[in-house]
Amino acid sequence: MEPIDRRTFLAAGAATAASLGTASPAAAKADKSGAVFLSTWKWGVHANTRAAEVLDGGGSLLDAVEKGINVVEDDPNVMTVGYGGLPNAQGEVELDAGIMDGTTHRAGSICNLHKIKNPISVARLVMERTRHTTLAGEGALQFAIAMGFAPMQLLTPKSLEAWLKWRSTPDRKSFWIDGEHHDTIGMVAADGEGKVVAGCSTSGLAWKIPGRVADSPLVGCGYYADDAAGAASATGDGDVMTNYCTSAFIVQQMARGAHPQEACEECMRMMARSAPDIHTDMYCVIAINPRGEIGAASMNSKQPLQYAHWRGGSGTLETAAAFLG
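In the working numbering, the protein residues as written are 55 to 379.
Below, the structure written as structure tokens:
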């Protein structure tokens with residue numbers, strides 16, 4: 055079978071960048087506050103535009119990041135996040151997400167959530183309605199239901215077909231031996247007044263071993279935010295990136311005075327010392343500081359990081375230069 059990986063989903067991204075980058079009138083108004091949004095992959099353009107609209111409508115920066123990520127979670131055509139995400143090896147869609155407020159230094163995260171399409175919203179409620187940081191599995195589902203979320207079937211006909219094709223292939227890959235790659239929606243934001251927020255949501259690796267958790271929902275790995283320094287998010291091979299606490303590392307570099315771009319490149323440099331398959335696998339990061347300066351880096355030029363950048367009333371889809379040092 056043809057592998058289902060990020061290249062399949064990103065192939066059309068550059069060709070549609072101009073139309074995706076069109077700003078709404080609400081987005082143009084929101085820029086007067088000096089807000090900046092940065093999100094991973096082509097679907098981040100729509101996420102950023104929605105975030106700007108929410109901020110312009112009087113919502114908080116947390117509201118903006120949550121609702122921006124919801125756009126991607128709700129889209130059945132994004133088979134790496136939320137509704138329509140590719141399932142685990144047993145055919146169950148398992149979702150992970152996390153969000154962090156740079157002002158309070160509080161975070162909320164959800165792991166292995168079934169039957170609820172908006173894990174970033176559930177994660178925010180963990181942060182705001184409990185004294186916990188992370189809920190997982192059945193407990194996460196019961197919490198979501200208690201908070202008013204309605205369970206639903208997350209498999210779409212397209213994602214079900216893909217899973218059935220994989221399962222019926224005699225020599226199929228699995229994560230007991232090898233596996234397919236998958237992606238996320240990671241978003242970092244600054245409101246122009248010193249506040250930053252970071253969030254991340256994913257359905258994880260296609261055909262993953264049930265119960266697998268990687269960097270996306272883990273504080274300091276998939277996302278991190280601190281008003282004193284900035285915010286960061288990561289995407290790529292989460293099983294490897296978890297081991298480097300990439301987002302916290304980047305924010306720490308910014309706390310020492312590094313520009314976000316310099317901090318992202320230093321993270322790649324740190325990983326390059328020991329990460330396996332460093333120039334053939336996918337390791338990508340984005341970052342923003344409270345002044346709205348940004349950074350983005352990818353380790354592999356054959357699988358470049360596309361990221362959406364919103365400021366000045368409009369959005370663009372850009373490609374991060376590969377770090378080769």
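The C-beta atom is built at its ideal place from N, Cα and C for all residues, glycine as well.
Every value quoted in this text rests on a predicted model; they were computed, and no experiment measured them.
(1) For a quick check, are the C-beta atoms of GLN360 and LEU378 less than 8 Å apart?
(2) For ALA200, count neighbouring Cβ atoms within 10 angstroms of its own Cβ and tell me buried if that reaches 16, exposed if not.
(3) Just how far apart, CA to CA, sit VAL108 and VAL90?
(4) With three or more C-beta pairs closer than 8 Å as the rule, is the segment 154 to 166 touching the segment 94 to 101?
(5) DSSP on ARG221, reduced to helix/strand/coil?
(6) On the criterion of 16 or more Cβ atoms from any shown chain inside 10 Å, does LEU218 qualify as buried, or is it exposed?
(7) Leaving out the 5 sequence neighbours to the left and right, which residues in its chain are closer than 6 Å to ALA84 when beta-carbon positions are compared?
(8) Along the chain, where does the alpha helix (DSSP H) containing ILE304 start, and where does it finish?
(9) Find the nearest neighbour of ARG255 within the set THR103, ASP128, GLY113, judged by alpha-carbon distance.
(10) Of the choices ARG185, GLY139, THR184, whose alpha-carbon is the least far from that of LEU167?
(11) With a threshold of 6 Å on Cβ separation, who are the neighbours of ALA190 within its own chain once the five nearest residues in sequence on each side are excluded?
(12) Exposed or buried, which one is ASP331 when buried takes at least 16 other CB atoms within 10 Å?
(13) For LEU116, name the three-state secondary structure that DSSP assigns.
(14) List the endpoints of the continuous alpha helix (DSSP H) containing ARG323.
(15) Could you tell me which of ALA198, ASN131, CYS338, GLY369 sits nearest to TYR298, measuring between CA atoms?
(16) How many whole angstroms separate the CB atoms of ALA243 and VAL119, which I take to be in contact at a CB cut-off of 8 Å?
(17) Checking the sheet assignment: what are the DSSP bridge partners for TRP261?
(18) With three or more C-beta pairs closer than 8 Å as the rule, is the segment 301 to 321 touching the segment 272 to 281?
(19) In chain order, which continuous runs of the beta strand (DSSP E) of length 3 or greater are located wholly inside the segment 241 to 287?
(20) Using C-beta distances below 6 Å, list every residue in its chain close to HIS100, excluding the 5 sequence neighbours before and after it, in chain order.
(21) Kindly list the residues whose CB is nearer than 7 Å to the CB of ALA279, restricted to its own chain and excluding five residues on each side of it in sequence; keep chain order.
(22) Where does ALA288 land, buried or exposed, given buried means 16+ other C-beta within 10 angstroms?
(23) Just grab the DSSP bridge partners of GLN360 for me.
(24) Less than 8 Å between the beta carbons of PRO264 and GLU146, yes or no?
(25) Between ASP149 and SER368, what straight-line distance do the alpha-carbon atoms span, to the nearest angstrom?
(26) State buried or exposed for ALA204, treating a residue as buried only when at least 16 other CB atoms are found within 10 Å of its CB.
(27) Looking at C-alpha atoms only, which residue of LYS169, VAL135, ARG185, ASN343 is the closest neighbour of GLN196?
(28) Confirm, please, whether the CB-CB distance from ILE340 to GLY240 is below 8 Å.
(29) Can you list, in chain order, the residues of its chain whose CB lies under 6 Å from that of GLY113, leaving out five sequence neighbours each side?
(30) For ALA381, which residues does DSSP report across the bridge?
On the basis of the coordinates in this document:
(1) no
(2) exposed
(3) 13 Å
(4) no
(5) helix
(6) exposed
(7) Confidence at ALA84 is low in this model, with a pLDDT of 36, below 50, so the placement of that residue should be treated as unreliable; the coordinate-derived value is given next. So the list reads ALA106, LEU109, ASP110, once near-sequence residues are dropped.
(8) 300 to 309
(9) Per the sequence shown, residue 255 should be read as Ser rather than Arg. Nearest C-alpha to SER255: ASP128.
(10) GLY139
(11) CYS165, ASN166
(12) exposed
(13) helix
(14) 314 to 326
(15) CYS338
(16) 5 Å
(17) Answer is none; TRP261 lacks a bridge partner.
(18) yes
(19) 250 to 256, 277 to 280
(20) VAL125
(21) MET154, ASP155, GLY156, VAL250, VAL251, ALA252, ALA285
(22) buried
(23) THR373
(24) yes
(25) The question names Asp, yet the displayed sequence has Leu at residue 149. Spanning the two alpha carbons is a distance of roughly 30 Å.
(26) exposed
(27) LYS169
(28) yes
(29) none
(30) Only positions 55 to 379 of the chain appear in this structure, which leaves residue 381 out of reach.
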